[in-house]
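The opening position of the sequence shown corresponds to residue 15 in the numbering used here, with each subsequent residue numbered one higher.
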Amino acid sequence: MAIPDISGLLSIAPAMMRDLPQILNGMQIVFYIVLILGFGSIIVKGYRGYAHFAIRMLMRLGFGFVALVCGIGISGIIPAFSDNTFYMMIQSMIINPSLGIIISTIVLTISLYMISHNIFNVPGIRKQIEKLQNKLKKAEEIASRGINRLNPVRIGGIAILVIFLIVSLINFQGFPSMGDDLFSFIGLTPEDVEDLTGYMDDMGLGGDAPEGCVPTLTLIEANLEDFMASRLPVSGDQAVKSMIESGSGMNMVMVYQVTHDQRNFFLGISGDGSNVCSATHDTFCGCTDLKSVMP
């Protein structure tokens, strides 16, 4: 398999790594503001009393911030749903904080509803009623004159809506895919990504290694000098050799024993010498295609 061209990715990698912390911090701040305003609005709906717009906005920001802090606080006590490293990362970064904020919002909304029970701002309610009465009087006056279907304001609104919809729908080319857009930006096609994934699989770097295993390529690199000179100690353990052959589906002409991090592993060499497979005493770990690593 040919090594995919990732020159586009490598050319912008330094700038991406340098700017990534600032970009993530900015996205996080925007995300937090949206959460505070959104969940704050939900919580304030539990307030039974009347409050001025400015007061409700302050309550919205305050309770939204409290919901965010409490949600993040209790997210740490939510148990893990999976032992998979990727799923654990997603749960820790997205699922747990989201569940925590939802729980906080429910608790705070109920609490505010109970606290504000039978609390009335009589002057504020009276002022609101006066505003509604004025609006009702104005609406009745307009209704008595009949509906003007040629109202310029109404026609202008319809025209703006129609033009906007036409322009938007003409230029609509489907919902965007962030993954495809990102790869396209760095100069990779879906075929390049597939080739890169296959290349990593061939090197033994793709997917989750079985428990107790390390990538085969790591074992080769850790013992590269002796591996290239065929100075590794030969293993006579036929059970390990049979396990590697069964797991890989290939015949092993030689099995070597190597040490990595003070643990023993085995490297099996295939009949044509193009594949190296690794294993522990009781677990088949995987194989590496040497033609991909050393073309």
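Beta carbons are placed, not taken as given, at the ideal position from N, Cα and C, and that holds for glycine.
From a predicted model like this one, the values you see are computed outputs, not experimental measurements.
First and last residue of the uninterrupted beta strand (DSSP E) at C9: Since the displayed the chain opens at 15 and closes at 309, residue 9 lies outside it and no answer follows.
When R74, V44, F95 and R168 are compared against V58, the one with the closest alpha-carbon: Here residue 58 refers to the residue found at position 44 when the sequence shown is read from its first residue. Answer by Cα proximity: R74.
Enclosing beta strand (DSSP E) for Q105 [first to last residue]: Residue numbering aside, residue 105 sits at position 91 when the sequence shown is read from its first letter. Run containing Q105: none; DSSP gives neither H nor E here.
Cβ-based burial, I133 [other Cβ within 10 Å; buried from 16]: As a first step, residue 133 must be located in the sequence shown, where it is residue number 119. Exposed.
One or two residues paired with C291 in a DSSP bridge: Numbered from its first residue, the sequence shown carries residue 291 at position 277. Under DSSP, the beta-bridge partners assigned to C291 are G282 and C301.
Ordered list of alpha helix (DSSP H) runs contained in the segment 98-181, each at least 4 residues: Runs of the alpha helix (DSSP H) inside the segment 98-181: 99-104, 110-129 and 136-158.
Coil, strand or helix - Q252 by DSSP: Position 238 of the sequence shown, counted from the start, is the residue given in the question as residue 252. Q252: helix per DSSP, three-state reduction.
DSSP beta-bridge partners of M268: Here residue 268 is taken as the residue at index 254 of the sequence shown, counted from 1. BP columns for M268 point to I283.
Option nearest L38 by Cα separation, candidates N237, M107 and F79: Translated into the one-based positions of the sequence shown, residue 38 becomes position 24. With distances taken between Cα atoms, L38 lies closest to M107.
Cβ pair A81, I43 closer than 7 Å: Position 67 of the sequence shown holds residue 81. Position 29 of the sequence shown holds residue 43. Contact flag unset, no.
Member of G171, E155 and L49 whose CA lies at the smallest distance from the CA of L113: Position 99 of the sequence shown, counted from the start, is the residue given in the question as residue 113. Residue L49 holds the alpha-carbon nearest to the alpha-carbon of L113 among G171, E155 and L49.
Three-state secondary structure assigned by DSSP to M71: Position 57 of the sequence shown, counted from the first residue, corresponds to residue 71. Helix at M71.
Status (buried if at least 16 other CB within 10 Å, exposed otherwise) for V272: For this step, residue 272 is matched to residue 258 along the sequence shown. Burial check for V272: the Cβ neighbour count within 10 Å reaches 16 or more, so the residue is buried.
Residue environment, S118, which counts as buried when at least 16 other CB atoms sit within 10 Å: To locate residue 118, count along the sequence shown from 1; it is residue 104. Buried, because 16 or more other Cβ atoms sit within 10 Å of the Cβ of S118.
Stretch-stretch touch, CB-based, cutoff 8 Å, three pairs: the segment 88-95 with the segment 54-73: Cβ pair count under 8 Å is below three, so no.
Contact check, V267 vs F280, beta carbons under 7 Å: Along the sequence shown, read from residue 1 onward, the residue named residue 267 stands at position 253. Along the sequence shown, read from residue 1 onward, the residue named residue 280 stands at position 266. In this structure, the beta-carbon distance from V267 to F280 does not fall below 7 Å.
Identity of the residue in G78, V167 and L164 nearest I120 by Cα: As a first step, residue 120 is located in the sequence shown; it is residue number 106 there, counting from the start. Minimum Cα-Cα distance from I120 among the listed residues G78, V167 and L164 corresponds to G78.
Buried or exposed (CB count within 10 angstroms, at least 16 for buried), L231: Locating residue 231 in the sequence shown gives position 217, where the first residue counts as 1. L231 comes out buried.
Counterpart residues of T273 in DSSP-defined beta bridges: Working through the sequence shown from its first residue, we reach residue 273 at position 259. In DSSP, T273 forms a bridge with N278.
Proximal residues to Y127 (C-beta, below 7 Å), its chain only, five neighbours per side dropped: Here residue 127 refers to the residue found at position 113 when the sequence shown is read from its first residue. Only G60 and R62 meet the Cβ criterion.
Nearest-angstrom Cβ-Cβ length linking P111 and I129, presumed shorter than 8 Å: The residue you call residue 111 lines up with position 97 of the sequence shown. The residue you call residue 129 lines up with position 115 of the sequence shown. Contact flag wrong, Cβ pair sits at about 26 Å.
Residue closest to C227, alpha-carbon to alpha-carbon, out of L238, A243, C301 and Q147: On the sequence shown, residue 227 is found 213 positions in, with the first residue counted as 1. Restricting attention to L238, A243, C301 and Q147, the CA atom closest to the CA of C227 is found in C301.
Residue from I47, N98, C84 and R70 whose Cα sits closest to the Cα of E225: Working through the sequence shown from its first residue, we reach residue 225 at position 211. Of I47, N98, C84 and R70, the smallest CA-CA separation from E225 is found for N98.
Within 7 Å, strictly: CB atoms of C291 and S256: Within the sequence shown, numbered from 1, the residue matching residue 291 stands at position 277. Within the sequence shown, numbered from 1, the residue matching residue 256 stands at position 242. No, they are not a contact pair.
Coarse secondary structure for E259, derived from DSSP in three states: Position 245 of the sequence shown, counted from the start, is the residue given in the question as residue 259. Three-state DSSP puts E259 in a helix.
Between the CA atoms of P137 and L146 - distance to the nearest angstrom: Locating residue 146 in the sequence shown gives position 132, where the first residue counts as 1. Locating residue 137 in the sequence shown gives position 123, where the first residue counts as 1. Taking the straight line from one Cα to the other gives about 14 Å.
First and last residue of the uninterrupted alpha helix (DSSP H) at F241: Numbered from 1 along the sequence shown, position 227 holds the residue referred to as residue 241. Bounds of the alpha helix (DSSP H) holding F241 are L238 to M242.
Status (buried if at least 16 other CB within 10 Å, exposed otherwise) for V254: Your numbering for residue 254 matches position 240 in the sequence shown. Flag for V254 reads buried.
Nearest-angstrom Cβ-Cβ length linking D303 and N289, presumed shorter than 8 Å: Taking the sequence shown and counting its residues from 1, one reaches residue 303 at position 289. Taking the sequence shown and counting its residues from 1, one reaches residue 289 at position 275. That pair is a contact at about 6 Å.
Q105 classed as buried or exposed, judged by whether at least 16 other C-beta atoms fall within 10 angstroms: Within the sequence shown, residue 105 is the residue found at index 91, counting from 1. A buried status is given to Q105, since no fewer than 16 other beta-carbon atoms sit within 10 Å of its beta-carbon.
Euclidean distance between Cα positions of T297 and I109: Working through the sequence shown from its first residue, we reach residue 297 at position 283. Working through the sequence shown from its first residue, we reach residue 109 at position 95. Cα-Cα distance, rounded: 33 Å.
Secondary structure of P35, DSSP reduced to three states: As a working mapping, residue 35 is identified with position 21 in the sequence shown. Reduced to three states, the DSSP call for P35 is helix.
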